[in-house]
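For reference, the structure is listed below as structure tokens.
In the numbering used here, the protein residues as written are 228 to 398.
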């Protein structure tokens, strides 16, 4: 995790001027270096909750893709903001055969409190993958789950997917 973060931070620092002007390039960087370490299928399943079971294969696939795009945009924006901040990594407390861990980090905020960021990870295909991120105690999965459940209740899953597509098309 730290190695990937260091690699991403170095690239962002070296290319910051270009990345600020070129969102496509920034999103490609996130796609290339960060996204392979996330399990979007599991995240999507948790975010949709009971609605995942009632969704057909096409809806599931479309949701996973649009949710992935949304998180790429979100992560890309945060990356430009926090690339210069000091990140502290804490030792992972888990058994050697664990298949589920939480990687705890803190990001220094100049002139204010540190922001704890925790990555919940599990083993998938013999590699550790992130399936939830908590920022200052707030779970990304839980936040989206509440928001998306409300939209699905009002308008259905296809409407949610269309809404995500529309958001993702905006620069």
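We treat Cβ as the ideally placed atom computed from N, Cα and C, and that holds for glycine.
Bear in mind the structure is a predicted one, so any value in this text is a computation, not a measurement.
Tell me which same chain residues have a C-beta within less than 7 Å of the C-beta of residue i, skipping the five on either side of it?
{"i": "residue 229", "result": "316"}
{"i": "residue 399", "result": "Outside the displayed range of the chain (228 to 398) lies residue 399, so it cannot be described from this structure."}
{"i": "residue 232", "result": "314"}
DSSP three-state call for residue i: helix, strand or coil?
{"i": "residue 392", "result": "helix"}
{"i": "residue 386", "result": "helix"}
{"i": "residue 354", "result": "strand"}
{"i": "residue 361", "result": "strand"}
{"i": "residue 374", "result": "helix"}
{"i": "residue 339", "result": "coil"}
Starting from residue i, follow its DSSP beta bridges and name the residues at the other end.
{"i": "residue 316", "result": "332"}
{"i": "residue 263", "result": "Note: residue 263 sits in no beta bridge, so no partner."}
{"i": "residue 345", "result": "331 and 361"}
Return the chain-ordered list of same chain residues with a C-beta closer than 6 Å to the C-beta of residue i, the five sequence neighbours on each side being excluded.
{"i": "residue 290", "result": "271 and 388"}
Looking at the unbroken alpha helix (DSSP H) that takes in residue i, where does it start and where does it end?
{"i": "residue 323", "result": "First-last for residue 323: undefined, no H or E at that position."}
Exercise for the section: Take every Cβ of the stretch 254–271, pair it with every Cβ of the stretch 325–333, and state whether three or more of those distances are shorter than 8 Å. Expected result: no
Practice task
Kindly confirm or deny that the stretch 299–311 and the stretch 243–257 touch, where touching means at least three C-beta pairs closer than 8 Å.
Solution key: yes
Practice task
Say whether the stretch 341–350 touches the stretch 273–281, bearing in mind that this needs 3 or more beta-carbon pairs closer than 8 Å, one atom from each stretch.
Solution key: no
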